[in-house]
Each structure stands twice: as C-alpha cells, then as structure tokens.
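The opening position of the sequence shown corresponds to residue 749 in our numbering, with each subsequent residue numbered one higher. Positions of the beta carbon are idealized from the N, C-alpha and C atoms, including for glycine. All values derive from a computational prediction rather than experimental measurement.
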Amino acid sequence: MTPLDSLPLWLAAPVALLLVVGSTLTLLGAFGLLHLQSFYDRIHAPTLGTSWGTAAILLASILAYSWVQERLVVHEIVVGLCVLVTTPVTMTLLGRAALHRDRKEGTEGVPPSRRALPPGG
C-alpha cells in the first residue's frame, strides 16, 4: 500500500485526467518529432509536448502530493518554470541556427534574410 492509495475519488479523478492529458500531449510531440518531414516542422511538435504536457503532469503531481503530505507542495513549480522558459528559447535558437545554415548552403525554398532583400522589398 502506498500513500497515494489514500487519495479520495474526487481528487484521484482530476489527477488521473491531468496525467492522461499530459502524457498524451507528450506522446503527440514525440510522434510529430518522428514523423514530420522537415526540420522546421519537427521543431514545433516537441515544444507542445514539453510545455503543455509537462504542465499537466506537474499539476497532477502538485495536487496528489499536496494531499499526501498534507501541505502545499510547490517546489515542482520551479521545475515547470525551467521547462516552460528553456524549451521555447532552445527551439528558437535551433530554428535560427538551421535557417542560418540553410541560407549559407543556398538551400532552395528558404526565405532570404532582410539584409539580402533589395530596398523597398
């Protein structure tokens, strides 16, 4: 028997729902990472999974362990903030690095930089 066995049904149901939603979003992000064709398409899918998926899982953890420990458990918010802040920044940097590389290599279909546009264009 674990301490989580003491969760009442009215709390266990939202915790389970949040876990299912969070894990589904994370799975969809992983599926998109594997199956989308271009790098630019692939950088969007994991961002969904890591931001919204992580938020739902952390909220479920906060609810469950606040009940078990009989106090408000908020240290998981620090983990969530770190993930929510670093994921978009990392994806933006990866996207810009790939765009820079593709422009240098002259890859077809990549928009030119603003500096390469003619005046008034």
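CB contact flag (residue i, residue j, <9 Å)
i, j, result
"Gly-797", "Ala-778", "yes"
"Leu-773", "Ala-808", "no"
"Val-769", "Gly-801", "yes"
"Ile-791", "Gly-843", "yes"
"Val-837", "Ser-799", "no"
"Ser-861", "Arg-849", "no"
Reference residue i; option with closest CA among the options
i, options, result
"Val-822", "Leu-806, Leu-776, Leu-782", "Leu-806"
"Pro-794", "Ala-808, Leu-775, Glu-818", "Leu-775"
"Pro-762", "Leu-782, Pro-751, His-783, Trp-815", "Trp-815"
Residue span of the alpha helix (DSSP H) that contains residue i, given as start and end
i, result
"Gln-817", "802-817"
"Met-839", "823-853"
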